[in-house]
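Read through the structure below, which is laid out as structure tokens, and then see the notes.
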């Protein structure tokens, strides 16, 4: 566990006043160019010092020949040099009292014995010098709330509460791209790389306390420190949601994971068993991870486990019911009074069977009628969360206004599934997100979102029980 | 099995010269309005006759008081009346020699005994009269190649080779929306509804012979006629790919399926066992079904099962490898000569481990270099299909030109995974699709696409073996 001082130190590295980009470069295909550009275009408000022995000016900024000649405080050094020169730059950081470094280069533990030796030296340097070192072998890190984009993939992301800890830069980018498609706001993004100094558990501990982080998603290939990860995740669940996507269900990717970040991934089944034992919510795919953090970052928690589904088209609701049941979640019946009230809206003998999922078919597709039925359904005493399914139609709008009015009047969470293209629902996704309603365009994702609201609720209760 | 005459008859219904919309309406919230609008806006080139006892003109067309007063040949009647009036309209069709009807209304077998009796009468009428009857309780059907959009969800779809048979209108719409997002061309779309007259097997038999259909996707809740479905699917696999998404893995949705289209869904495990026995390719989700038909409709079939992965970022390739391995597909090694040739491009001692997935990291991300390595990888004698993974970057383009040049020179299929938002890759998706390269924005989907190319290849070999 990190000490209070270390946590404060780590927070300062995520919120620097000044950054040196060591190995800044003027060639757009170089990491050192992209890092600098990413930081500048990201809108970072502090001072930025490009460092390179020969260049004079890059992207309009004067270049310093070395870290030493900057002559001012530097809070964070982002090092875009090769694996050997990175070691020298880290030594420079220590000499100059620089407290944080992001080391981009690969060529360490993941390539075998020679690299392992280099990595051990890097680790010793950082530990002995009390340096916060992220990486090596990482795409970098992001803190949108500090307009800090220290990766070599220049991006701009909407600010929000979702933070990611990822063992893969590429998967981490895929998560961010999917969040962009979903209109989801991001807080921190950390590419852990080879974790020479800081482990998953350390980052989790930090994000657990980070005020701008409301939910944490983790992409995990493997770690030797699984026990620490799980225990920290369980503690974190007392404060905020954590969802882990552990790749490797097939048992066939251990070699690839080893050569990726130098980690023996270990048996997937063992991970799953220990996650289950500590009730750590897990996702089975990247799509499920994003669906989960979407629901958890937007919706309030349900007070109980009763899921009601309302739809005007049976199939997508059946898929939702199936996905929920695969995760051990079954739908309660609506109360007879609820069904009675629905009949008062759609007629006493509707040519549909009223149960849960509540499928009102052609009788309930007009938004005002749909809204009235949704309000009845969410009012059912056995229903703690309502899923509203609706299909895009050329001649009428989505029932967004109606659902948002219900949301205003009810404490129960609402999740929407609008069958649509991504662009067809974009405006509604934005409106719903702003008011705490996660809106998905597929039934699977909507079911995953609901499952994870319930999973966090149970996990937190479990964690509280263990804490006593 | 349908006779040759019945098949010809069914084909005529999918390619009508004239359509009557019975129950056409001038109110935009009515099914009868939306059906007529859908047919007109879809660009249908034949004659269209709205039928309604009181209206005079709808959407600029003169309205006929009854089917009888049209006084001209009608090839297809689309009936948007309630469950009882539908029966009368079907009797009118038979009297007037109309050979095809789409019956939209629900209120039949799916609502219990009273509805079952009505449905039996509908069935008897159609069978005795030799009427092709689609439905009842269906969203309708589409044949893009006849500009025929006889559903009450007006849409325009790009023409192509993908046909769907769906037991749910809503899920069927979700499939089409996802295909729109993926830039995928559609041929036929059939909402089977309660299947009073025509079964899954009948539609499969028809699409197997349909020249504009190159691949068939099926969404299945359940059918009493599973044996016929499976045997027909197995025969169809001799001609073209079929992929079935059977919902219900949880075992919890039988009741919902029963009240949806009046079908006892039956045990999911029994379905899976019989699908496996006949080697019918199955999808586990709507996303997998679309990923499958995308690959199968665009790419040539691989000559063998050797999958090569090329990437400049490890994580997504590990996800692909994991998804493939979960389906029993493992990656072969690249030949030593291949690795040697790659080293000639990126240097003799690269700080990366060269295996499969082949991760060239920062050494191979520039499109021209990436293209050279891709060409080496696809040339490996043990590789039958190459998956190329690439991440969207602000400062360089995707290696689309390079990959398409390779595609021109190689018979082996190529599948691309560009980590990106949907809009970020839209132009490349379109270019790649035009040249037979399925391009996905997630690693999971790319893996599913590859799996289904290989699954169809094996299934076809198996089906040929059984046929002798």
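Chains as they are written, first to last, in this note's numbering: chain A, 19 to 486; chain B, 19 to 486.
Backbone N, C-alpha and C define an ideal beta-carbon position, used for all residues, glycine too.
Item: Interface residues of chain A facing residue 103 of chain B [CB-CB closer than 8 angstroms]; Value: Going along chain A, no residue has its Cβ under 8 angstroms from residue 103 of chain B, so there is no contact; the nearest lies around 13 angstroms.
Item: Burial state of residue 348 of chain A, where buried means 16 or more other Cβ atoms lie within 10 Å; Value: exposed
Item: Residue 84 of chain B - DSSP class collapsed to helix/strand/coil; Value: coil
Item: Where residue 26 of chain B falls, given that 16 or more other Cβ within 10 Å makes a residue buried; Value: exposed
Item: For residue 410 of chain A, the nearest candidate out of A:422, A:390, A:394, A:445 (CA to CA); Value: A:445
Item: Touching by the beta-carbon criterion (3+ pairs, under 8 angstroms), the stretch 177–190 of chain A and the stretch 73–84 of chain A; Value: no
Item: The ligand MG heavy atom lying under 8 angstroms from the CB of residue 248 of chain B; Value: You won't find the ligand MG in this model; it holds no ligand whatsoever.
Item: N- and C-terminal bounds of the alpha helix (DSSP H) containing residue 258 of chain A; Value: Per DSSP, residue 258 of chain A belongs to no alpha helix (DSSP H) and is neither H nor E.
Item: First and last residue of the uninterrupted alpha helix (DSSP H) at residue 424 of chain A; Value: 418–427
Item: CB of residue 330 of chain A within 9 angstroms of CB of residue 389 of chain A, strictly; Value: no
Item: Check whether residue 454 of chain A and residue 321 of chain A have beta carbons under 9 angstroms apart; Value: no
Item: Residues of the stretch 406–422 of chain A whose Cβ lies closer than 9 angstroms to any Cβ of chain B, in chain order; Value: 407, 409, 410, 411, 412, 413, 414
Item: Same chain, Cβ closer than 6 angstroms to residue 311 of chain A, five either side skipped, listed in chain order; Value: 180, 233, 235
Item: Residue 240 of chain B beta carbon less than 9 angstroms from that of residue 154 of chain B; Value: no
Item: With 16 other Cβ atoms within 10 Å as the buried cut-off, status of residue 287 of chain A; Value: exposed
Item: Test: residue 237 of chain A CB closer than 9 angstroms to a CB of chain B; Value: yes
Item: Test: residue 438 of chain B CB closer than 9 angstroms to a CB of chain A; Value: yes
Item: Host beta strand (DSSP E) of residue 68 of chain A (start-end); Value: 65–69
Item: Local Cβ density within 10 Å of residue 146 of chain A, reported as buried at 16 or more and exposed below that; Value: exposed
Item: Inter-residue Cα distance where the pair is residue 123 of chain B and residue 178 of chain B; Value: 29 angstroms
Item: Contact list for residue 348 of chain B against chain A, beta-carbon separation under 7 angstroms; Value: 270
Item: Beta-bridge partners of residue 111 of chain B, as assigned by DSSP; Value: DSSP lists no partner for residue 111 of chain B.
Item: Proximal residues to residue 164 of chain A (C-beta, below 6 angstroms), its chain only, five neighbours per side dropped; Value: 33
Item: Residues near residue 440 of chain B in its chain [Cβ-Cβ closer than 7 angstroms; skip 5 each side]; Value: 199, 459
Item: Close Cβ partners of residue 473 of chain A (< 7 angstroms) along its chain, the five nearest in sequence each way excluded; Value: 299
Item: Validate contact between the stretch 123–134 of chain A and the stretch 360–373 of chain B using beta carbons, cut 8 angstroms, 3 pairs; Value: yes
Item: Start-to-end residues for the alpha helix (DSSP H) that takes in residue 54 of chain A; Value: 49–59
Item: Neighbour-count burial assignment, residue 488 of chain A, 16 or more Cβ in a 10 Å radius; Value: Within the shown structure, residues of chain A are numbered from 19 to 486, placing residue 488 of chain A beyond reach of any answer.
Item: As assigned by DSSP and simplified to three states, the class of residue 237 of chain B; Value: strand
Item: Identity of the residues DSSP links to residue 121 of chain A by a beta bridge; Value: A:97
Item: Closest residue to residue 423 of chain A among A:405, A:442, A:392, A:437 (Cα-Cα distance); Value: A:392
Item: Near-chain A residues of the stretch 48–63 of chain B (beta-carbon distance less than 9 angstroms), N- to C-terminal order; Value: 49, 51, 52, 55, 56, 59
Item: Beta-bridge partners of residue 189 of chain A, as assigned by DSSP; Value: For residue 189 of chain A, which the question treats as bridged, DSSP gives no partner whatsoever.
Item: Nearest-angstrom Cβ-Cβ length linking residue 194 of chain B and residue 175 of chain B, presumed shorter than 8 angstroms; Value: 6 angstroms
Item: Helix, strand or coil at residue 289 of chain B [DSSP, three-state]; Value: helix
Item: Same chain only: Cβ atoms within 8 angstroms of residue 105 of chain A, ignoring 5 sequence neighbours per side; Value: 136, 139, 140, 143
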